[in-house]
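Report on the following structure.
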Amino acid sequence: MVAQAQRWVVLKFGGTSVSRRNRWDTIGRIAAKRMAEENARVLVVVSALSGVTNELLAIGNGDDIAGRVAALVDRHRSFCVELDLDPDAVLGERLAALQALAGDPRTATRPLDWQAEVLAQGELLSSTIGAAYLRTQGHDFGWCDARDWLEAVALPNQSEWAARLAVNCRRDADAGFGGRFAAQPTAMLLSQGFIARHADGGTAVLGRGGSDTSAACFGALLGAARVEIWTDVPGMFSANPREVPDARLLARLDYAEAQEIATTGAKVLHPRSIGPCREARVPMAILDTERPDLPGTRIDASAETVPGVKAISRRDGIVLVSMESIGMWQQVGFLADIFERFRRHGLSVDLIGSSETNVTISLDPSENLVTGNVLEALAADLAEVCRVKVIVPCSAITLVGRGMRSLLHRLSDIWATFGQERVHLISQSSNDLNLTFVIDEADAAGLLPQLHAELIRSGAMPVRAAGVFGPSWRELEVGRAQRRASWWVGRRGQLLARAAEGTPRYVYDLETVREHARVLTGTDAIDRCYFAIKANPHPAILRTLVTEGFGLECVSLGEIEHVFANVPGLSPQRVLFTPSFAPRHEYEAAFGHGVTVTVDNVEALQRWPEVFRGRTVWLRLDLGRGEGHHAKVKTGGVAAKFGLPLARVDAFLDAARAIDLRIGGLHAHLGSGIDDARHWHDVYAQLACLADRIGTVESIDIGGGLPVPYTPESPLFDVALWRSGLEAIKADYPRYRLVVEPGRYLVAEAGVLLLSVTQVVDKDGVRRIGADAGMNALMRPSVYDAYHGIHNLSRLGDEDTLEYDVVGPICESGDVLGFGRPLPAATAEGDVLLVADTGAYGMVMANTYNLRALPAEDVIE
Ligand SMILES: *Cc1c(COP(=O)(O)O)cnc(C)c1O
Numbered sequence: 000m001v002a003q004a005q006r007w008v009v010l011k012f013g014g015t016s017v018s019r020r021n022r023w024d025t026i027g028r029i030a031a032k033r034m035a036e037e038n039a040r041v042l043v044v045v046s047a048l049s050g051v052t053n054e055l056l057a058i059g060n061g062d063d064i065a066g067r068v069a070a071l072v073d074r075h076r077s078f079c080v081e082l083d084l085d086p087d088a089v090l091g092e093r094l095a096a097l098q099a100l101a102g103d104p105r106t107a108t109r110p111l112d113w114q115a116e117v118l119a120q121g122e123l124l125s126s127t128i129g130a131a132y133l134r135t136q137g138h139d140f141g142w143c144d145a146r147d148w149l150e151a152v153a154l155p156n157q158s159e160w161a162a163r164l165a166v167n168c169r170r171d172a173d174a175g176f177g178g179r180f181a182a183q184p185t186a187m188l189l190s191q192g193f194i195a196r197h198a199d200g201g202t203a204v205l206g207r208g209g210s211d212t213s214a215a216c217f218g219a220l221l222g223a224a225r226v227e228i229w230t231d232v233p234g235m236f237s238a239n240p241r242e243v244p245d246a247r248l249l250a251r252l253d254y255a256e257a258q259e260i261a262t263t264g265a266k267v268l269h270p271r272s273i274g275p276c277r278e279a280r281v282p283m284a285i286l287d288t289e290r291p292d293l294p295g296t297r298i299d300a301s302a303e304t305v306p307g308v309k310a311i312s313r314r315d316g317i318v319l320v321s322m323e324s325i326g327m328w329q330q331v332g333f334l335a336d337i338f339e340r341f342r343r344h345g346l347s348v349d350l351i352g353s354s355e356t357n358v359t360i361s362l363d364p365s366e367n368l369v370t371g372n373v374l375e376a377l378a379a380d381l382a383e384v385c386r387v388k389v390i391v392p393c394s395a396i397t398l399v400g401r402g403m404r405s406l407l408h409r410l411s412d413i414w415a416t417f418g419q420e421r422v423h424l425i426s427q428s429s430n431d432l433n434l435t436f437v438i439d440e441a442d443a444a445g446l447l448p449q450l451h452a453e454l455i456r457s458g459a460m461p462v463r464a465a466g467v468f469g470p471s472w473r474e475l476e477v478g479r480a481q482r483r484a485s486w487w488v489g490r491r492g493q494l495l496a497r498a499a500e501g502t503p504r505y506v507y508d509l510e511t512v513r514e515h516a517r518v519l520t521g522t523d524a525i526d527r528c529y530f531a532i533k534a535n536p537h538p539a540i541l542r543t544l545v546t547e548g549f550g551l552e553c554v555s556l557g558e559i560e561h562v563f564a565n566v567p568g569l570s571p572q573r574v575l576f577t578p579s580f581a582p583r584h585e586y587e588a589a590f591g592h593g594v595t596v597t598v599d600n601v602e603a604l605q606r607w608p609e610v611f612r613g614r615t616v617w618l619r620l621d622l623g624r625g626e627g628h629h630a631k632v633k634t635g636g637v638a639a640k641f642g643l644p645l646a647r648v649d650a651f652l653d654a655a656r657a658i659d660l661r662i663g664g665l666h667a668h669l670g671s672g673i674d675d676a677r678h679w680h681d682v683y684a685q686l687a688c689l690a691d692r693i694g695t696v697e698s699i700d701i702g703g704g705l706p707v708p709y710t711p712e713s714p715l716f717d718v719a720l721w722r723s724g725l726e727a728i729k730a731d732y733p734r735y736r737l738v739v740e741p742g743r744y745l746v747a748e749a750g751v752l753l754l755s756v757t758q759v760v761d762k763d764g765v766r767r768i769g770a771d772a773g774m775n776a777l778m779r780p781s782v783y784d785a786y787h788g789i790h791n792l793s794r795l796g797d798e799d800t801l802e803y804d805v806v807g808p809i810c811e812s813g814d815v816l817g818f819g820r821p822l823p824a825a826t827a828e829g830d831v832l833l834v835a836d837t838g839a840y841g842m843v844m845a846n847t848y849n850l851r852a853l854p855a856e857d858v859i860e
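So for the sequence shown, numbering that gives the first Met the number 0 puts the first residue at 0; every next one is plus one.
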């Protein structure tokens with residue numbers, strides 16, 4: 000006998016989780032574990048074997064009833080055999096019932112009650128097989144008919160179809176429900192999802208996604224300890240992982256957020272299933288049947304509210320209806336009149352935007368039957384009261400998360416990205432959970448990965464809030480690409496000794512520079528690598544890279560003079576000059592040095608013909624778009640000052656011909672920190688087409704911009720993909736020399752900035768660690784909101800238990816190197832802090848603001 004007071008845990012398994020023998024072994028194992036570890040009783044709710052419901056739907060529609068029934072009988076009999084069960088003993092009665100339905104006189108008219116009975120057969124079969132199998136495996140499982148426990152309720156305005164084939168269940172149990180349910184003799188029970196009892200005593204079904212809802216209703220009625228939804232994915236993600244592999248597992252959500260995410264995107268959990276658990280305060284979990292040890296997604300009322308975007312989703316096929324006033328907006332009842340017309344056509348409205356003269360609404364195809372006919376009829380109807388425009392197809396891109404209003408300032412990059420598209424409608428819900436942008440469907444392609452990365456970068460998606468976000472899909476799928484420990488971990492003693500000579504101090508590891516250099520030189524596809532020295536012109540680094548076979552790319556006469564002064568014997572052929580708005584004499588001097596010069600506008604040729612006459616130059620192009628980790632590093636597109644627009648190429652060629660100027664190379668560098676490894680392949684392809692037209696081109700320079708994994712969660716750059724893209728495109732256009740010119744990638748990870756702690760202060764609950772340099776030594780955090788890892792080198796072994804803002808000594812509020820960084824609680828004055836990955840755009844941007852001294856610089860081998 001089981002004590003009545005024991006709580007229930009409800010486990011739901013979907014179609015793929017019940018279609019294989021090993022999956023049933025898993026179900027048995029999980030159920031037994033819950034029972035043993037939590038001293039709970041277990042109710043397992045299952046779907047039909049995968050594909051079966053679709054077959055039953057076809058039967059319900061009268062489509063080849065006899066053939067389909069025979070196939071279903073075979074399928075279930077052979078599944079019994081796979082499970083070592085006797086099909087006749089286990090399924091004899093059930094299969095007879097299925098066959099009887101096929102021979103029923105009701106097949107002639109196929110009334111709704113008959114269809115519901117047909118649809119119910121899938122779950123009845125799968126649960127019967129499962130219970131029999133689990134008993135043979137020694138589990139104490141009983142079987143119960145869900146129709147004895149879940150009651151359909153009729154709703155006002157419900158169609159007859161919905162009242163039978165898409166029902167809701169009663170959630171208010173009578174006082175005796177729990178006792179009666181618990182009186183069933185076995186410790187564990189198996190029942191069906193999707194089916195319920197109709198008020199007339201017959202069968203009703205819950206509609207698509209109904210099994211989740213059944214489990215939730217059981218959970219609510221039983222006051223269960225938990226409802227677990229077992230699926231074939233690890234949980235809910237911050238975006239659809241198939242579209243955004245860097246989407247993060249959502250470890251913990253509150254009901255409202257989960258509901259919003261389930262409604263606007265994630266298909267993992269049916270949105271209707273959350274309501275019952277939410278009302279009854281029953282926690283939910285989404286778990287992966289294949290990997291039961293993963294944490295999954297937990298949904299409950301106690302989830303602490305970390306404000307921020309939790310997910311981004313995209314719905315396609317959205318229909319926008321824009322209604323322009325014909326002069327009577329303010330009239331009482333006007334909106335009611337419009338919406339009445341939507342109701343008349345059976346359309347439920349999703350989003351609404353309005354102004355003095357226009358109301359625009361969206362229709363979601365998953366909620367509506369939006370065929371051409373329906374829209375035409377609607378438009379005709381609306382035309383009586385306003386001017387109507389239907390805009391299709393659109394995509395709705397939705398950000399979901401609590402507390403979004405307080406984060407609008409962090410969304411500037413998101414607005415900027417949308418700003419490049421035509422946004423038809425923006426809607427923010429007053430419950431502060433949902434911000435939706437509606438754009439043309441064609442523009443939405445490929446946008447989500449970019450937006451997701453921007454959300455993380457800006458801090459709007461607080462992925463470092465442990466407990467809320469889990470690992471990324473990519474990490475879960477391919478296992479975390481073994482990220483090596485950084486070089487400086489093994490050089491701690493040496494670095495502390497350097498720090499003792501004075502901080503702030505940059506230290507560069509030349510071996511790390513070499514390693515990165517060899518990744519790039521390791522392919523035959525690339526004919527020449529230049530190092531963009533503006534990232535770090537330290538003489539030892541320049542000499543190291545030249546020894547590795549690199550050329551040097553300079554953007555000023557100062558840099559040109561610096562490289563010739565510091566790299567003995569450097570051939571001018573290995574120097575490239577790519578200036579921006581430089582004065583005339585720098586071009587003259589560069590030609591004087593014999594280096595390759597890049598030009599990016601027609602005006603220079605027209606104003607200074609004598610400087611360029613008879614020479615050979617490379618032409619820098621703007622391919623019309625910019626890319627990169629921050630708006631300020633995008634160097635293409637109309638907003639950027641760099642490059643000749645494609646539309647001006649003919650004008651440039653004319654001007655060049657007039658002064659006998661030869662174009663020996665084409666160049667494009669569109670930004671920095673570009674994550675998409677295909678980018679450079681595409682740039683080469685575009686430039687090669689143009690080069691074919693020009694005729695004199697020998698070299699194609701596809702720029703730099705390779706990214707660096709600054710944050711712990713940033714994906715490692717897929718060098719192999721980058722390389723294979725270049726090899727493929729080089730094979731297509733072998734006649735050009737392929738040139739690259741990275742800066743950051745070669746040196747960022749090779750450098751660290753060492754600082755000393757000055758003061759540790761707690762102000763109104765915000766803990767701050769002060770360092771002896773901040774934005775004067777490293778501008779990137781204040782200029783680009785850049786992230787750099789910050790570590791207490793003096794206490795490297797200590798656990799990082801407290802969160803601190805790490806700030807510098809400059810009199811500016813923006814003087815913050817990192818917000819909310821976990822560091823040891825014992826951090827104190829005199830400790831050495833290490834700011835990681837600062838070898839690129841670190842020292843070169845340092846300044847003496849507040850008259851603080853520049854950092855020192857060291858290299859180590
Ligand atoms: C800065 C710059 C580079 C290097 O960019 P990274 O992002 O550091 O790789 C390459 N080419 C030109 C013209 C540049 O101005």
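For glycine and all other residues, C-beta sits at the position ideal for the given N, C-alpha and C.
- Of the heavy atoms belonging to ligand 1, at least one sits nearer than 7 Å to the Cβ of A839.
- With contact defined as three or more Cβ pairs closer than 8 Å, the region 301–313 and the region 392–406 are in contact.
- Between A443 and the set I455, R421, R677, the nearest pair of CA atoms involves R421.
- Ranked by how close their Cα comes to the Cα of G218, the residues L374, A300, V391, V44 have V44 in first place.
- Straight through space, the alpha carbons of L434 and F468 are spaced by roughly 20 Å.
- Here K729 carries a helix assignment [DSSP, helix/strand/coil].
- With at least 16 other beta carbons inside 10 angstroms of its own, E558 counts as buried.
- Assignment of S555 by DSSP, reduced to helix, strand and coil, places it in the coil class.
- Contact between G121 and L48 holds: their C-beta atoms lie close to 7 Å from each other, under 8 Å.
- The C-beta separation of H269 from G208 comes to about 3 Å, placing the pair in contact by the 8 Å criterion.
- The count of Cβ pairs closer than 8 Å, one atom from the region 659–668 and one from the region 705–722, stays below three, leaving the stretches out of contact.
- Annotation: I859 to T520 spans about 23 Å, alpha carbon to alpha carbon.
- DSSP places C393 inside the beta strand (DSSP E), whose first and last residues are 386–399.
- The beta carbon of C143 is closer than 7 Å to those of Q183, L188, S190 in its chain, skipping five residues each way along the sequence.
- Under the 8 Å Cβ criterion, the region 216–236 counts as touching the region 288–296, having at least three qualifying pairs.
- Beta-bridge pairing by DSSP links W229 to F12, L286.
- Ranked by Cα distance from S272, the first of L221, G418, T212, G295 is T212.
- When DSSP states are grouped into helix, strand and coil, R736 belongs to the strand group.
- At least one heavy atom of ligand 1 falls within 7 Å of the beta-carbon of G702.
- The closest CA to that of R386, considering only K533, S321, V51, is found on S321.
- The three-state secondary structure of N791, taken from DSSP, is strand.
- Annotation for N372: the continuous alpha helix (DSSP H) segment containing it runs 371–381.
- When the beta-carbon positions are compared, H344 and L377 come within less than 8 Å of each other.
- For Y683, the shortest C-beta to heavy atom distance toward ligand 1 is 7 Å or greater.
- In this structure, F140 places its C-beta atom within 8 Å of the C-beta atom of R134.
- In the structure shown, H451 falls within a helical segment according to DSSP collapsed to helix, strand and coil.
- Put simply, the region 762–774 touches the region 808–818. At least three CB pairs are less than 8 Å apart.
- The beta-bridge partner set that DSSP reports for C810 is empty.
- Each residue's CA atom was taken as its position, placing W472 and G59 some 39 Å apart.
- Checking the 7 Å criterion, the Cβ of H668 is within range of a heavy atom belonging to ligand 1.
- Taking 8 Å as the cut-off, the Cβ atoms of V746 and N600 do not count as close.
- For I673, no beta strand (DSSP E) encloses it, and the DSSP letter there is neither H nor E.
- The beta carbons of V462 and R794 sit no closer together than 8 Å.
- With a threshold of 7 Å, the Cβ atom of R251 does not count as near ligand 1, since no heavy atom of the ligand is closer than that.
- Between ligand 1 and Y732, a heavy atom-to-CB distance of less than 7 Å is absent.
- The closest CA to that of Q258, considering only V243, L643, E278, is found on E278.
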